[in-house]
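Read the structure below first, then the notes.
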Amino acid sequence: MAVTMAEIQHLRKMTGAGMMDCKNALNEANGNFDKAVEIIRKKGQAVAAKREDREASEGCVLAKAQGNYAAVVALQCETDFVAKNEEFIALTQLILDAAIDHKPETLEDLLNIQLPNGTVSQLIMDKIGATGEKMELGYFEHISAPSVVSYIHMGNKLATLVGFNKEEVAEDIAKDVAMQVAAMNPISVTPDTIPAEVKEKELEIAREKAREAGKPENLLDRIAEGALQKFYKESTLLQQEYVKDNKLTIDQYLKQNNKDLTVTVFKRVSLNA
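Quick note on this note's numbering: the sequence shown kicks off at 36 and runs consecutively.
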């Protein structure tokens, strides 16, 4: 049976597949939409299996804050050409919106969310069939706090989330801190939240450097402790120098605006570093 342009466009809207793929699938399915969708998804599975060993190092990172919840997702692909495609960005936004609406706990939970045209996982598989590239949902992070903010760096390769202990944090202050996280890549909010094994590794590195420099053994621990304090200033958000005014730490910047304001949590997702 002959398929109409309206039917082809409807299937394309459902799956994101190309016009010819939709036409061929509808012809093979004798106009049955459910069977046509299944044909397209099987094509996506075949492409995914064939390109399993490829590296999906490009992609799109988007973030969003709503109420006291914020999420960031990264949909990854093989080439920058696909990553910049409007339909690929739209799919990433659709996945992010699903995360905001359903608040899943894990990446696996997000992939299994049922949307009108299939699960998140199925929609990604449809896009694999449409583009012929390996794709995967590489990252999903979320936070909850009295006040949250999201920041997407230009180019959609880097995004951050920050949570504060107070409600109604001024938008410019919140955004400044989110941009600080993007620019300076801290590993924790405070030294207290750095894993003990990370601290011990930094101490050992500092001792070894001091030993190689010929420092006396009885001074190595003191030198290492000084190096650890420097590490804290470089790597913990509240102790970092504020990028817009290096006379202030982030903690001081927050306190000069509200003496009780602090950061409780942050997330940073980047496809570059």
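Beta carbons are placed, not taken as given, at the ideal position from N, Cα and C, and that holds for glycine.
In chain order, what residues of the same chain have a beta carbon less than 6 Å from the beta carbon of residue i, not counting five sequence neighbours either side?
i	result
Ser156	Leu146
Asn220	none
Val233	none
In chain order, what residues of the same chain lie with their CB nearer than 7 Å to the CB of residue i, ignoring the 5 residues before and after it?
i	result
Lys70	Ala64
Lys210	Val184 and Tyr186
Val212	Val197, Ile285 and Val298
Val278	Gln215, Ala218 and Met219
Leu255	Arg242, Ala245 and Arg246
His137	Ile148
Should residue i and residue j be called a contact, given that it needs their Cβ atoms to be closer than 7 Å?
i	j	result
Ile285	Leu296	no
Thr114	Glu93	yes
Ile74	Ala106	no
Thr141	Leu97	no
Val241	Ala217	It should be pointed out that residue 241 corresponds to Ala in this sequence rather than to Val. In this structure, Ala217 does not lie closer than 7 Å to Ala241 by Cβ.
Glu247	Phe266	no
Glu202	Pro181	yes
Cys95	Asn200	no
Whole-angstrom Cβ separation of residue i and residue j, contact assumed at under 8 Å?
i	j	result
Asn103	Ser179	6 Å
Glu171	Gln111	5 Å
Val108	Thr166	Between Thr166 and Val108 the Cβ distance is about 18 Å, and since that is not below 8 Å, they are no contact.
Pro130	Pro139	It should be noted that the sequence gives Ile, not Pro, for residue 130. 11 Å between Cβ atoms; not a contact.
Leu46	Ala37	Not really, about 15 Å apart at Cβ, beyond 8 Å.
Give me, in chain order, the residues of the same chain whose beta-carbon lies closer than 8 Å to that of residue i; leave out the 5 immediate sequence neighbours on both sides.
i	result
Ser270	Pro221, Ile222, Ser223 and Ile229
Ala205	Asn292
Cβ contact (3+ pairs, closer than 8 Å) linking the region 288-304 and the region 192-202: yes
Unbroken stretches of the alpha helix (DSSP H), 4 residues or longer, contained in the region 112-152: Positions of the alpha helix (DSSP H) runs, each at least 4 residues long and wholly inside the region 112-152, are given as 115-118, 121-137 and 142-146 in order along the chain.
What are the start and end residues of each continuous beta strand (DSSP E) run of 3 or more residues lying completely inside the region 234-298, in chain order? 280-284
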